[in-house]
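In this note's numbering, the protein residues as written are 1279 to 1632. Note that CB positions come from ideal geometry on N, CA and C, so glycine has one too.
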C-alpha cells in the first residue's frame, strides 16, 4: 500500500521523534549546552596585571569557538599568589563548565613546595590551556639607588626588594635573584599589586624588583628608554631564550656555585612554564572538558587573538594546549634537596647560607 504524501510526512516525523528519544545525542537539532549561559573566569589576581590583560585578549575568541557563544565575564579573586582562586575552583566551584579559574605560575609551586594555602591536588585539576608558556624574568633596580654593578649590589645591605605576597612568583624570583647574586640581608617589601609596585619603584619606596621581561617592557617602556633602570640578571624561560630587549644581560645560572643551585633555577623555570593556566574543577564531565579544550585550542590559533594579544602585551602569545599543560604538571622535577632549598627561599625567613 502506497502512503499519501501527507501520511508519509507524518510517519517520517514520528519515526524521527522516536529515534531522537532513543538516541538523544543524535537529535536532528540540539541546543548547545552553553547557549544562553554565562561563564565566569575567576582570575587569581588583581585587575590590571599581566594575567588580566591576557584574559581580556583571550575571552572574545574563546567565546567565538564555544558552541552557543555564552557570555563570558571576569571575576578577580586575588590572594596567596593565585592559590585562593585555585582552592575555590578545586573545592567550591560546581563542575559544570561555568566556572573556569585563570591562575598564574603560583598554582604549580604551591603543592610541590607545601606552601601555605595550597589546598588542591594538581593531578585532579583539569587543564584547558595556557596563554603563555613562560617568559624570561629580570632583576632590576632604579637608577637613582646607584646600584650600577653587581659589586655595588653585593656591597649594599638591606636592599628593599618589592613584591606582591610571600610565595608569589615575583616574591620567589626576587629572593632567588638576591640569593644567587649574593645580596646581603635583602628585605622583601610585600603587599603591592603589579602596577602599584611599578609606582613604588619609581617613587623610591623600594630599591629593586623582579618581574617578567615582557611586563617590564609593556608597562615601563618610557622609563626604559630614559635609562631609569639598571638591569642586573635574567632567568631565561625556557633556558637560553632571552628577551630581545635584554639579550646581553647575564643569565642567573652563571652565578650558581654548584649543581643544586643550577637545578634551583631550573625548578623555577619549570614552575613558570605553564605561565597562565586555565582550570576546571575535578569531576567536570568529559564532554564539557572536550568542548572547552577544543574552543581554547582554536582560539589560540586565531590570527585575531594573536593581534589582540600583541596589542595589549607588546609581544606574541606562546600558548600551550590543555594536554601540554597536563604533561608539564606530570613531569615536574621533585628532587628533595632542590625542593628543600627552593622552599627555604620561597619562605619569609633569612636566605640560607651558600
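{"query": "What does a CB cutoff of less than 6 Å around residue 1580 pick up in its chain, not counting 5 residues either side in sequence?", "result": "1339"}
{"query": "Residue 1417 and residue 1510 look like a contact to me (Cβ under 8 Å); what is the Cβ gap, rounded to whole Å?", "result": "5 Å"}
{"query": "If you measure between the beta carbons of residue 1607 and residue 1400, is that distance less than 8 Å?", "result": "yes"}
{"query": "Which residues share a DSSP beta bridge with residue 1556?", "result": "1380, 1407"}
{"query": "How long is the line joining the alpha carbons of residue 1350 and residue 1341, rounded to whole angstroms?", "result": "7 Å"}
{"query": "Might you give, ordered along the chain, the residues of its own chain that have their beta carbon closer than 6 Å to the beta carbon of residue 1347, omitting 5 neighbours on each side?", "result": "1341"}
{"query": "What does a CB cutoff of less than 6 Å around residue 1300 pick up in its chain, not counting 5 residues either side in sequence?", "result": "Any answer about residue 1300 is weak, because its pLDDT of 39 lies below 50 and its placement is not dependable; what the coordinates show is given next. So the list is empty, once near-sequence residues are dropped."}
{"query": "Rounding to the nearest angstrom, what Cα-Cα distance links residue 1358 and residue 1517 in this structure?", "result": "27 Å"}
{"query": "Alpha carbon to alpha carbon, what distance is there between residue 1315 and residue 1550?", "result": "33 Å"}
{"query": "Kindly indicate the opening and closing residues of the beta strand (DSSP E) around residue 1318.", "result": "1316-1321"}
{"query": "For the beta strand (DSSP E) holding residue 1512, just list the boundary residues, first then last.", "result": "1507-1513"}
{"query": "Which of helix, strand or coil does DSSP assign to residue 1488?", "result": "strand"}
{"query": "Is residue 1519 helix, strand or coil when you go by DSSP?", "result": "coil"}
{"query": "Checking the sheet assignment: what are the DSSP bridge partners for residue 1417?", "result": "1488, 1511"}
{"query": "Where does residue 1633 fall in DSSP's three states?", "result": "Missing from the structure shown is residue 1633; the chain here goes from 1279 to 1632 and no further."}
{"query": "Where do the ends of the alpha helix (DSSP H) carrying residue 1543 lie?", "result": "1537-1550"}
{"query": "Per DSSP, what kind of secondary structure is residue 1440 in: helix, strand or coil?", "result": "strand"}
{"query": "Which ranges would you report for the alpha helix (DSSP H) in the region 1558-1621 if only whole runs of at least 4 residues count?", "result": "1564-1579, 1581-1591, 1600-1608"}
{"query": "Out of 1403, 1577, 1612, point me to the one whose CA is closest to residue 1343's CA.", "result": "1577"}
{"query": "How big is the Cα-Cα spacing for residue 1390 and residue 1311?", "result": "36 Å"}
{"query": "From residue 1595 to residue 1378, what does the alpha carbon distance come to, in whole angstroms?", "result": "20 Å"}
{"query": "Any idea which residues DSSP pairs residue 1435 with across the strands?", "result": "1462"}
{"query": "DSSP beta-bridge partners for residue 1503?", "result": "According to DSSP, residue 1503 bridges with nothing at all."}
{"query": "Do residue 1472 and residue 1561 have their beta-carbon atoms positioned less than 8 Å apart in this structure?", "result": "no"}
{"query": "Out of 1615, 1558, 1486, 1603, point me to the one whose CA is closest to residue 1542's CA.", "result": "1615"}
{"query": "So, using beta-carbon positions, are residue 1375 and residue 1566 closer together than 8 Å?", "result": "yes"}
{"query": "Under 8 Å between C-beta atoms, does residue 1378 make it to chain B?", "result": "In summary, chain B is missing from the structure at hand, where a single protein chain is found."}
{"query": "Which of the three DSSP states, helix, strand or coil, is assigned to residue 1526?", "result": "coil"}
{"query": "Got a sec? Which residues, its chain only, sit under 6 Å from residue 1559 by beta carbon, not counting five neighbours each side?", "result": "1367, 1371, 1373"}
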